[in-house]
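Worksheet: the structure to be examined is printed underneath.
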Amino acid sequence: MSTDSPKTYTIKNYGCQMNVYDGERMAEMFAAQGMAEADDKASADLVVLNTCHIREKAAEKVYSEIGRLRRKDGTKPIVAVAGCVAQAEGGEISRRAPEVDIVVGPQAYHNLPDMIATVGRGERVVDLDLPGLDKFAKLPARRKQNATAFLTVQEGCDKFCTYCVVPYTRGAEISRGWAELIDEAKALVDAGAKEITLLGQNVNAWADGEQDLGSLIRVLDKIDGLHRIRYMTSHPNDMTDSLIAAHGDVEKLMPFLHLPVQSGSDRILKAMNRSHSRDSYLHILDRVRAVRPDIAFSGDFIVGFPGETDADFEHTMSLVRETGYAQAYSFKYSARPGTPAADMADQIPVEVMDERLQRLQAQLVADQAAFNRNTLGKTTEVLLERPGKLAGQLIGKSPWLQSVHVLAPGLSIGDVVTVDITDSGPLSLKGEPKMRAAA
Ligand code: SAM
Ligand code: SF4
């Protein structure tokens with residue numbers, strides 16, 4: 251069977267911001283091939299499922315999504331499964347789901363146009379190569395951007411936390427080159443970006459020779475038209491002196507640090523192979539606070555890692571209370587096939603995990619609400635990012651990554667406005683614009 255070349259596409263992203271970035275780069279590639287994003291997703295000629303494998307039932311969700319792609323008239327789009335489920339499941343996907351034409355890993359998606367042509371000749375394709383950073387050189391130039399843009403600087407991970415699939419699905423830790431990143435950042439700003447978030451599985455492991463992420467941020471700081479710099483996700487062990495110092499002296503680097511800790515118990519951190527302790531983590535937070543007193547912290551937590559006792563969990567709760575996170579992500583431990591923790595003794599019953607997660611999240615939500623309340627009455631800058639639900643309403647982010655709803659006649663997405671914070675809720679703020687700080 252051969253298929254006409256697709257004219258429209260849709261991309262469904264699951265999981266982390268790195269998948270969002272990859273999805274944007276795929277869209278740019280399809281646009282360069284003359285394809286348009288489908289207005290009606292259900293009738294797109296090409297569907298890309300850009301998958302995530304980090305937690306439970308990821309593969310099952312993808313299979314049920316694939317099942318829904320077959321249409322009532324018996325036709326179906328070209329189906330490509332990309333991302334980490336593709337990498338982990340490989341050819342098994344096309345064996346189990348005959349609807350799937352292409353299985354492509356996260357390091358090989360630059361080959362999609364060739365793969366689509368192969369499908370047009372009636373064949374199915376699996377490409378799970380992990381060829382370093384080849385894809386970046388082969389992707390087309392960046393196109394028109396939103397006010398906020400992602401820029402992947404580093405991929406993969408060598409840390410091998412015992413619960414995590416990333417080292418297996420994304421490959422070894424590898425950094426993109428200094429010069430190409432500066433060029434891409436400038437292109438993003440020329441295309442309309444006001445804020446750039448540097449991305450990596452361990453973004454602060456980024457290095458090029460002697461240069462570390464702190465040095466890269468200092469150079470990006472010099473780009474005219476760029477207002478804000480952020481980075482995520484960081485590992486505590488890669489918080490270099492230079493990066494911590496950048497929080498104190500680079501004005502465009504926003505006062506927000508997402509630094510996952512996973513657990514407050516040293517025993518569990520050791521079993522997780524985190525290679526930092528509770529104290530060394532808290533010491534990093536102190537050092538960042540010392541150079542940037544208004545810094546807001548965010549973290550990732552896993553509850554119910556194998557062998558986690560009530561006492562271990564209480565250590566996590568006390569670390570959370572001690573830190574006072576502005577926001578955080580918390581997850582039940584999910585045994586990932588092939589990882590060392592999946593075979594550990596003392597897997598924790600789901601009811602215990604549920605109860606611990608509920609308690610942890612109640613504390614994190616209360617801390618987030620308290621952090622938001624502290625912003626009430628303050629005047630701060632907001633970068634307007636998207637329309638709100640009400641007429642004339644725009645939603646943007648404060649420097650501390652809080653969502654701020656602004657009734658803003660005369661203002662536009664991409665404006666940086668000075669706003670009085672007039673109301674605070676658990677998840678967002680309301681503000682009244684005073685004046686436009688920058689266009
Ligand atoms: N590299 C970052 C670090 O080391 O902390 C985090 C990247 S990881 C893709 C994102 C988050 O997913 C982790 O911080 C962890 O909290 C969560 N995660 C990873 N594997 C998990 C698992 N097996 N079960 C539950 N949560 C998991
Ligand atoms: Fe996964 Fe992060 Fe650990 Fe790497 S450092 S194995 S990405 S949790």
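Numbered according to the working numbering, the sequence shown terminates at residue 689, and the numbering increases by one at each position without gaps. Glycine is no exception: its CB is placed at the ideal position from the N, C-alpha and C atoms. Fair warning: this is a prediction, and the values are worked out from it, not measured in the lab.
query: Local conformation of residue 559 per DSSP, three classes; result: coil
query: Straight-line gap, residue 627 to residue 434 (C-alpha atoms, nearest Å); result: 38 Å
query: Residues that residue 447 bridges to, as DSSP identifies them; result: 400 and 480
query: Closer than 7 Å to chain B by CB, residue 608; result: The structure shown has no chain B; it contains just one protein chain.
query: Candidates 581, 291 and 662, of which the one nearest residue 608 by Cα; result: 581
query: Sequence-distant residues of the same chain with beta carbon closer than 8 Å to residue 625, five excluded per side; result: 648, 650, 652, 671, 674 and 679
query: Residue 280 - containing alpha helix (DSSP H), residue span; result: 267-282
query: CB-CB length for residue 485 against residue 523, believed under 8 Å; result: Not really, about 12 Å apart at Cβ, beyond 8 Å.
query: Heavy atom of ligand 1 within 6 Å of residue 416 beta-carbon; result: yes
query: Range of the contiguous alpha helix (DSSP H) that encloses residue 388; result: 384-388
query: Three-state secondary structure (DSSP) of residue 287; result: strand
query: Spatial neighbours of residue 251 in its chain, beta-carbon cut-off 8 Å, leaving aside the 5 residues before and after; result: Because residue 251 sits at a pLDDT of 43, beneath the cut-off of 50, its placement in the model cannot be relied upon, and the following sentence gives the value as read from the coordinates. Correct list, in chain order: 372.
query: Euclidean distance between Cα positions of residue 266 and residue 459; result: 28 Å
query: Spatial distance of residue 689 from residue 683 (CA atoms); result: A caution first: residue 689 carries a pLDDT of 49, below 50, which makes its placement in the model unreliable, though a value can still be read off. If I take the Cα positions, the gap works out to 14 Å.
query: Collapsed DSSP secondary structure at residue 513 in the structure displayed; result: coil
query: Member of 510, 446, 526 and 660 whose CA lies at the smallest distance from the CA of residue 502; result: 446
query: The segment 576-590 touching the segment 631-638, judged by at least three CB pairs closer than 8 Å; result: no
query: Identity of the residue in 535, 482, 618 and 541 nearest residue 268 by Cα; result: 482
query: Residue 358 burial status per 10 Å Cβ neighbour count (16 or more: buried); result: buried
query: For residue 334 and residue 261, the rounded distance between their alpha carbons; result: 15 Å
query: Cα-Cα separation, residue 353 to residue 378; result: 8 Å
query: Where residue 636 sits in the DSSP three-state scheme; result: strand
query: Buried versus exposed, by CB contacts within 10 Å (16 or more), residue 211; result: Residue 211 lies beyond the range of the chain shown here (251 to 689); nothing can be said about it.
query: Any non-hydrogen atom of ligand 2 within 6 Å of residue 526 CB; result: no
query: Own chain residues within Cβ distance below 8 Å of residue 500, not counting five before or after; result: 467, 468, 471 and 479
query: Distance, residue 550 Cα to residue 413 Cα; result: 13 Å
query: Complete beta strand (DSSP E) runs within the segment 636-672 (minimum length 3 residues, chain order); result: 643-647 and 653-657
query: Any non-hydrogen atom of ligand 1 within 6 Å of residue 485 CB; result: yes
query: Whole-angstrom distance between residue 360 and residue 408, CA atom to CA atom; result: 23 Å
query: Local Cβ density within 10 Å of residue 547, reported as buried at 16 or more and exposed below that; result: buried
query: Endpoints, the alpha helix (DSSP H) within which residue 530 is located; result: 528-541
query: 8 Å contact criterion, which residue 380 and residue 275 should meet: CB distance rounded; result: Incorrect: roughly 17 Å between the Cβ atoms, too far for contact.
query: Bounding residues of the alpha helix (DSSP H) (the contiguous stretch that carries residue 463); result: 463-470
query: Residue 503 - partner residues in DSSP beta bridges; result: 479
query: Residues that DSSP places opposite residue 547 in a beta bridge; result: 507
query: CA-to-CA distance, residue 330 to residue 411, given in whole angstroms; result: 30 Å
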